[in-house]
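For reference, the structure discussed in these notes is given below.
4 protein chains.
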Amino acid sequence: MNAAKPLPAYLIQRYQGWKATTYSDNRAWYKRLATEGQRPRAMVVSCCDSRVHVTSIFGADQGEFFIHRNVANLVPPYEPDGDHHGTSAAVEYAVTALKVAHLIVLGHSQCGGVQGCLDMCSGNAPHLEETSSFVGRWMDILRPGYERVKAANKAEDQVRALEKESVIVSLENLMTFPFVKEAVDGNTLSLHGLWTDIGEGGLEYFEPKTRSFKPV
Amino acid sequence: MNAAKPLPAYLIQRYQGWKATTYSDNRAWYKRLATEGQRPRAMVVSCCDSRVHVTSIFGADQGEFFIHRNVANLVPPYEPDGDHHGTSAAVEYAVTALKVAHLIVLGHSQCGGVQGCLDMCSGNAPHLEETSSFVGRWMDILRPGYERVKAANKAEDQVRALEKESVIVSLENLMTFPFVKEAVDGNTLSLHGLWTDIGEGGLEYFEPKTRSFKPV
Amino acid sequence: MNAAKPLPAYLIQRYQGWKATTYSDNRAWYKRLATEGQRPRAMVVSCCDSRVHVTSIFGADQGEFFIHRNVANLVPPYEPDGDHHGTSAAVEYAVTALKVAHLIVLGHSQCGGVQGCLDMCSGNAPHLEETSSFVGRWMDILRPGYERVKAANKAEDQVRALEKESVIVSLENLMTFPFVKEAVDGNTLSLHGLWTDIGEGGLEYFEPKTRSFKPV
Amino acid sequence: MNAAKPLPAYLIQRYQGWKATTYSDNRAWYKRLATEGQRPRAMVVSCCDSRVHVTSIFGADQGEFFIHRNVANLVPPYEPDGDHHGTSAAVEYAVTALKVAHLIVLGHSQCGGVQGCLDMCSGNAPHLEETSSFVGRWMDILRPGYERVKAANKAEDQVRALEKESVIVSLENLMTFPFVKEAVDGNTLSLHGLWTDIGEGGLEYFEPKTRSFKPV
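For the protein sequence lines, the chains are A, B, C and D, in the order given. So the working numbering is basically just the index in the first sequence, starting at one, shifted up by 686. So the working numbering is basically just the index in the second sequence, starting at one, shifted up by 686. So the working numbering is basically just the index in the third sequence, starting at one, shifted up by 686. So the working numbering is basically just the index in the fourth sequence, starting at one, shifted up by 686.
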């Protein structure tokens, strides 16, 4: 591995500032976290998108949230086939090893992955349909959501609806994992669906009775 | 999907506080981020661990880092087989669509995934060797690192060495992706390996010449 | 006093959120509370335990409960010997200056102080028996409860019984304070004993006739 | 103990509402807290005053703060004399058993205990000087603060100054406890002094260099 380079200077400078301030002022807590291990109350499945910081929105402390971030905050269905499943591994670790009490799926507006899925499913992005497209094959997880969105929405409303389906599909898929279902049925885990509007700073939660999102 | 519940009240309260302060004070920037899209300088591959906040360590702004988080900050090898590959999709999106200039892999001390891999590879965690173990199959990615660690280290040094191998293996696997190699060779992307010590607040970077980590 | 440090940033952020929402929305009431002073209906003696929030359980408003919290919600016997007695001072202030109408002692399950008392009284915690152990000397207050518990319960039931004795002993000791007895006899103060189960969310009250706790 | 009465109906009603909503929605977390025990990051020493809710100001979760509340948020000096010392027991438990990383002393405006101390020390409250006055003997802890305040402030500024001295004196006394000093010196505990203005919603922190309070 010969390609790695040193860190850009501005990041080194910021790290040194953090070390002299935030780290220094909270050293006791960091040491305890290192010694005793993490004990997060919740797992969050969020998007990689650089505009969505779940720790900022919820004023989260170090040690509070176990956070998995992937494109479009998707959870695939349960498939124990021996392959590498990064999302399933993260969910398994959070639920069975860390025994988190909450599992929150956080979707958001202007999601590039969701837009790609909509383009692909409506026939406008042939490159995403190729076997070799990782983004396309990943967004296949959201196809069941697209079918529902297409049937029920006008074209101009479909992106917003599909962003929210990315949360619903993930919640549905989570329940196909035996250890998730068992924990939910046994009241040791609760699931939560959220969607945030980047520009407006809004936050909505999924209400299963009406199958809709409401402002918190 | 009938299992979803409303958000705990303390999180709603904190969100409303964020909306009235952080969001309100930065509304113009959030609106631009929503309208113009994200344009992150770097992608970070980090662990889900609740104790590692890359945005805190580097004082990162909204819009600055495209962040993928999975168990043990692993990137699998290039395998365009039509299956769901969440990590590969995130890397593909960052490099080909967002055209990030840096790709940073951030490992850390006390990693539960790495410890699990060590236990499994040394024969002490048979449950992780089962086909149905998502964590076990995910940590298989790190097996090449284990082989090197086993050969070169005493038992008590193996965990630390394997934590650092999780960064090196990911950097190696990244270079098996044609679009990553092309961008690195064309000088439009640079790779960086980092490892942070949770308790000490230390940060080290991977130096390819000596194949070792040095304090930044 | 040179050791004090600034507050961790996440707490400052949360405070600023509170200021901009909860405080801002209730400013008129906070200002009246500041100008006119507090006028709480009840005093609560509760445990320091981080898992017990009496204001949450009873939806309490600012200004509603005068709350003293110590290890194991204990009230010592009346001892006007000129020493510092924090609990007695709090009770005296609530009953004679604030003239609260109710005095509630709230015990709870999984109390570390009660467990320590049980260990100490049964000879399994010699360090708590030392003169220099503040926790041990504080838990001495509960020794009369231990004697009753030991006589009447099997070993596996003793912790639960002693948790409830921590409430009964405190109620008994309260009546040794002349100003408490006078207020109770004069019907200007009523005493209440409660015990809450953290995991089950249960709440029981002390019924003097049967000397037992019943679900509310 | 024959004096105890059942709970007022409005409190029973509120409890039942809490059980059906907050408890029900967070059952998984409450169960974990019961099973695994508490692991608070910080201890808070706050006043019994009904107008000061530290969990509200900081949006605190169940399990986050170990809270001791007494009159005027005072910590007495280290006195291992075998008597009951409720505050010292709470500090000992938090620092040596729970190993909290932060210890926060929170003072506030309009503190009745501080006003009583000022009246007593300036000769205007003879009843507080009696041996039998628990409030008076408790507020003796703050006398060293009164001496400093008297020397440096005009009469009309003395109450405010003494409210802040209640924080400083407590921080000073904390450092007389060997286990506190050892933890602070060993960087496993940090101390923090805060003062809040009830009517204005302000929050100030103690800065040791200038021995003054500054807005956070």
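Beta carbons: idealized from backbone N, C-alpha and C, even for Gly.
query = Applying a beta-carbon distance threshold of less than 7 Å, which residues of chain C neighbour arginine 665 of chain B?
reply = Since the displayed chain B opens at 687 and closes at 902, residue 665 of chain B lies outside it and no answer follows.
- Message: So with CB distances below 7 Å, who are the chain D contacts of lysine 717 of chain C?
- Response: Gly885
At the 7 Å Cβ level, is tyrosine 696 of chain B part of the contact set with chain D, yes or no? yes
Mind checking if lysine 840 of chain B is an interface residue toward chain D, Cβ cutoff 7 Å exclusive?
no
message = Going by the DSSP bridge assignment, what does cysteine 733 of chain D pair with across the sheet?
response = D:Asn756
Under three-state DSSP, which class holds leucine 875 of chain A?
-> If DSSP states are grouped into helix, strand and coil, leucine 875 of chain A belongs with coil.
Short CB-CB distance (under 7 Å) between alanine 787 of chain B and chain A
Chain A, which has no Cβ nearer than 7 Å to the Cβ of alanine 787 of chain B, makes this no.
Check: Among A:Asp843, A:Asn810 and A:Val800, which has the Cα closest to the Cα of valine 821 of chain A?
Finding: A:Val800
At which residues does the alpha helix (DSSP H) containing histidine 813 of chain C begin and terminate?
Here the alpha helix (DSSP H) through histidine 813 of chain C covers 812-815.
Under 7 Å by beta carbon: chain A residues contacting glutamine 801 of chain B: Going along chain A, no residue has its Cβ under 7 Å from glutamine 801 of chain B, so there is no contact; the nearest lies around 10 Å.
Please list, in chain order, the residues of the region 864-876 of chain A that have any C-beta partner in chain D closer than 7 Å.
Asn873, Thr874, Leu875 and Ser876
* Asked: Under a Cβ-count criterion, where at least 16 other Cβ atoms within 10 Å of its own Cβ denotes burial, should aspartate 747 of chain D be classed as buried or exposed?
  -> The residue is buried, with at least 16 neighbouring Cβ atoms inside 10 Å.
**Request:** Count the other CB atoms, across all protein chains shown, that sit within 10 Å of the CB of glycine 831 of chain D; report buried if there are 16 or more and exposed otherwise.
**Result:** buried
**Where the beta strand (DSSP E) through glutamate 851 of chain A begins and ends** = Counting along the chain, glutamate 851 of chain A sits inside no beta strand (DSSP E); it lies in the alpha helix (DSSP H) bounded by residues 844-860.
Pull up the distance between the alpha-carbon of proline 901 of chain D and that of glycine 703 of chain C, whole angstroms please. 15 Å
TODO: Please list the segments of the alpha helix (DSSP H) lying wholly inside the region 761-837 of chain A, counting only runs of 4 or more residues, in order along the chain.
DONE: 772-778, 798-807 and 820-825
Own chain partners of glutamate 816 of chain B with C-beta closer than 6 Å, once the 5 adjacent residues on each side are dropped
Once the five neighbours on either side are set aside, glutamate 816 of chain B has no close Cβ partner at all.
### Query
Does DSSP classify threonine 882 of chain A as helix, strand or coil?
DSSP places threonine 882 of chain A in strand when its eight states are reduced to three.
| said: Taking DSSP's pairing of strands, which residues face leucine 889 of chain C in a bridge? | reply: C:Thr882
Please report the distance separating the alpha-carbon of tryptophan 804 of chain B from that of cysteine 733 of chain B. Per the sequence presented here, residue 804 of chain B reads as leucine, with tryptophan not at that position. Near 17 Å, if we compare the C-alpha coordinates of cysteine 733 of chain B and leucine 804 of chain B.
Buried versus exposed, by CB contacts within 10 Å (16 or more), glycine 749 of chain A
buried
Proximal residues to alanine 787 of chain B (C-beta, below 8 Å), its chain only, five neighbours per side dropped
Arg727, Ala728, Thr874, Leu875 and Ser876
Item checked: C-beta contact flag for asparagine 859 of chain A and proline 766 of chain A at 7 Å -> The answer is no: Cβ separation not under 7 Å.
*asked:* Would arginine 823 of chain D and histidine 770 of chain C be called neighbours here (beta carbons separated by less than 7 Å)?
replied: yes
Short check: CB of asparagine 688 of chain C to CB of proline 894 of chain D, under 7 Å? yes
- Give the secondary structure of alanine 689 of chain B by DSSP, where H, G and I count as helix, E and B as strand, and everything else as coil. If DSSP states are grouped into helix, strand and coil, alanine 689 of chain B belongs with coil.
query: By the criterion of Cβ-Cβ separation under 8 Å, what are the contact partners of glycine 745 of chain C in chain D?
result: Arg700, Gly703 and Trp704
| Excluding five sequence neighbours on each side, which residues of the same chain lie with their C-beta closer than 7 Å to the C-beta of serine 819 of chain A? | His813
Below 8 Å on the Cβ atoms is my contact criterion, and I expect serine 856 of chain B with asparagine 759 of chain B to pass it. Report the Cβ-Cβ distance as a whole number of Å. 6 Å
Worksheet entry | As assigned by DSSP and simplified to three states, the class of lysine 840 of chain B | coil
task = Can you tell me which of the three DSSP states lysine 867 of chain D falls into?
result = helix
Check whether chain D comes within 7 Å of arginine 829 of chain C, counting only Cβ atoms and requiring the distance to be less than that.
no
### Message
Would proline 901 of chain B pass as an interface residue toward chain A - the criterion being a Cβ-Cβ separation below 7 Å?
### Response
no
Grouping DSSP H, G and I as helix and E and B as strand, with all else coil, what is lysine 895 of chain C? coil
Practice problem: Give the single residue among A:Arg725, A:Gln844 and A:Val791 whose Cα lies nearest to the Cα of arginine 737 of chain B. | Solution: A:Arg725
Alanine 689 of chain B CB to nearest chain A CB: under 7 Å?
yes
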